[in-house]
Amino acid sequence: MSFKLLARRFYSSKIVKLTSESYPNIKRDSKYGKITPQTIEFFQNLLGSSSTITDNDLLSSYNEDQMRKYKGQSQLCLKPKTTEQVSQILKYCNEFKLAVVPQGGNTGLVGGSIPVFDEIIISLSNLNKIRSFDQVSGILKVDAGVVLETADSYLAEQGYIFPLDLGAKGSCHIGGNVATNAGGLRLLRYGSLHGSVLGLEVVLPDGTILNSMNSLRKDNTGYDLKQLFIGSEGTIGIITGVSILCPSRPKAVNIAFLGLDSYEAVQKTFQRAKNELCEILSAFEFMDKESQLQTLKFLKTSHPLAEDGEEFPDYNFYVLIETSGSNKEHDDFKLETFLESVMEDELVLNGVVSQDESQLKTLWNWREGISEASTFDGGVYKYDVSLPLPVMYDLVNETRTRLQDADLISIDDSTKPVVDVVGYGHIGDGNLHLNVCVREYNKNVEKVLEPFIYKWIQNKNGSISAEHGLGFQKKNYIGYSKSEIEIKMIKDLKNHYDPNGILNPYKYV
Ligand code: FAD
Ligand code: MLT
Ligand code: ZN
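Take a look at the structure:
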């Protein structure tokens, strides 16, 4: 499924509160300059009027996130078309201490791409050219604003695949993916962007252009500086170009969608899938019943495992397994043998396997659709965590119990703020997504959830962000996953490269 921001029509029509109102403890830092008519004139001369947005109606989509949780008050959005223009923008902003927020496809889930106050938005969407592709090595070079799906479709024509896939592919930018170190659905197979990104072009806060658009897989000369920017969420530089190693596109892809009784069975099936499907296993995703019920409300079509006449099946957990390989017969045989054996052992109770491209997409919809479905009732509190597999699902159960004890949750009673708690994720990567679906954002709910969830994760030696990042949401909680010395080093780096603190303030740490 390809998610596009146009899908907003599904969301609650409630007005989104300003972030500064929802979080009144955070104050605008008076060290930052304010935009003046001269500022606008400078940027209009540099970029042209159509790339210097000041109209409030046009600004609104850049000022709000797709969860309708965060809302900024920026009066200016700039849309540079070249790296040189990005450099001129930052040079000017640094000189006049104007705070900025880099923005890619604005699909981030932690409020990182949204201004908190009046920061200038720098949208990379006009920096969107595919620069080059090497057929032999599989190295793709792109501008940061190229949409992930566009890059992948381009690669498909060459027999290659982008080594990252996620539900927001129709809107998110490759620059945004690198800035968040996005994980996605096939990390299990292709690894993290820390491995596949070979080089970056980055504009530093003072306007300096750092060009390391390498095509080298091996380079041991000094610190690997690009790694600093992967996952830096726009706090120390604006990524303008990405060089990335892309694998060959698998010729045979299968999806199996399975129903299971317990989380225990999910873990055992994962272990068996790794052992028995080995090199063809490309995704292993899990979903609980509640996540599928929430998605049913949103997709409004019967579930793939529903028997004739019923709308929804009766399993507690669901698993989506994807295999990708080069020989269909071989893969079909391997998957069939695996499914027979896990069903014989009663780990898996029921399942369907995609027969064609359209079924494959339908099955993925029931996994990828959870994200959007979670905001269906009004809003969602999202927790994206790394945890040891054996205890992972306990967090979902304990969160639900806590909300029940606080009398804040009911599927049927619309006077309760919480509709349901859903758990799903990239179990193959030890990554749980815990979504608390709400009718509206509510401070009492937030207080029950935070810092309880972060403390819980810390006690189990997990991470409070597996893939979505820190952004605005988790900036006060990094201490639950990083030591004091690590936080000090992060702050030192930030202060060193961005001494005026103009890049994405009020976020990250
Ligand atoms: P934005 O949201 O615009 O920005 C994200 C952060 O990066 C911000 O801090 C911003 O300032 C910074 N930034 C953006 N571009 C640049 C740049 N060029 N230079 C410097 N900083 C920049 N995430 C996952 O990891 N895995 C998933 O499976 C996944 N699935 C998703 C599914 C859906 C339906 C949705 C809505 C989101 C999903 N996400 C997922 C979250 C999101 O899509 C990713 O974080 C994505 O990488 C963000 O890219 P973007 O271009 O939208 O960045
Ligand atoms: C996902 O895996 O679906 C994404 O990380 C997005 C989300 O959890 O909303
Ligand atoms: Zn995810």
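Per full-length UniProt numbering, residue 1 is the first one in the sequence shown, and the count goes up by one each step. Backbone N, C-alpha and C define an ideal beta-carbon position, used for all residues, glycine too.
- In this structure, S30 keeps its C-beta atom at 8 Å or more from the C-beta atom of F117.
- S243 places its beta carbon 8 Å or farther from that of Y424.
- Ranked by Cα distance from L299, the first of L363, S463, I457 is L363.
- If you check the C-beta of L432 against the ligand MLT, you find no heavy atom less than 7 Å away.
- From the listed residues I427, D429, N444, L432, the smallest Cα separation to V418 is found for N444.
- When the five nearest sequence neighbours on each side are left out, the beta carbons in the same chain lying within less than 8 Å of the beta carbon of L277 are those of I321, T323, K334, L335, F338, in order along the chain.
- With fewer than 16 other Cβ atoms inside 10 Å of its own Cβ, I485 counts as exposed.
- Secondary structure at K251: coil, using DSSP grouped into helix, strand and coil.
- With a cut-off of 7 Å, the C-beta of H303 is classified as distant from the ligand MLT, since no heavy atom of the ligand falls inside that distance.
- Distance check between Q44 and each of N63, G72, N365, I89 places I89 closest, using alpha-carbon atoms only.
- Within the DSSP secondary-structure output, D288 pairs in a beta bridge with F317.
- Rounded to the nearest angstrom, the gap between the Cα atoms of T83 and L210 is 10 Å.
- The stretch 128-135 makes contact with the stretch 146-162: 3 or more CB pairs, one atom from each, lie closer than 8 Å.
- L296 and V422 have their C-alpha atoms roughly 13 Å apart.
- Judged by pairs of C-beta atoms under 8 Å, the stretch 233-242 touches the stretch 184-204, as three or more such pairs exist.
- I114 sits buried, since 16 or more C-beta atoms from the chains shown fall within 10 Å of its C-beta.
- In this structure, the alpha-carbon of Y381 lies about 28 Å from that of K494.
- In the three-state scheme derived from DSSP, where H, G and I count as helix and E and B as strand, Y263 is classed as helix.
- In chain order, I40, Q75, L76 place their CB closer than 7 Å to the CB of T54, counting only its own chain and leaving out the 5 sequence neighbours on each side.
- Short of 7 Å from the beta carbon of L387, and not among the five residues preceding or following it, lie these beta carbons of its own chain, in chain order: L395, G430, L432, I457, K460, G462.
- Residue S51 holds the alpha-carbon nearest to the alpha-carbon of P80 among S51, C93, V100, R272.
- Residues V509 of the same chain have their beta carbon placed closer than 6 Å to that of I490, with the five preceding and five following residues left out of the count.
- For N126, the closest C-alpha among the options L140, Q103, P499, G112 is that of Q103.
- In the structure shown, V391 falls within a helical segment according to DSSP collapsed to helix, strand and coil.
- If you look at V448, you'll find it in the alpha helix (DSSP H) that goes 443-449.
- Relative to the Cα of R249, the nearest Cα in the group G325, G191, S49 belongs to G325.
- In this structure N220 is exposed. Its beta-carbon is surrounded by fewer than 16 other beta-carbon atoms within 10 angstroms.
- Between the alpha carbons of L228 and S137 lies a gap of roughly 25 Å.
- No Cβ-Cβ contact shorter than 8 Å links I26 with Y393.
- E440 has its Cβ no nearer than 7 Å to any heavy atom of the ligand ZN.
- For the set I35, N56, V391, the Cα lying nearest the Cα of C93 is the one of I35.
- The C-beta distance from L164 to L193 rounds to 7 Å, short enough to fall under 8 Å.
- Taking a 10 Å sphere around the C-beta of D224, we find fewer than 16 other C-beta atoms and assign the residue as exposed.
- DSSP lists N435 as the beta-bridge partner residues of K382.
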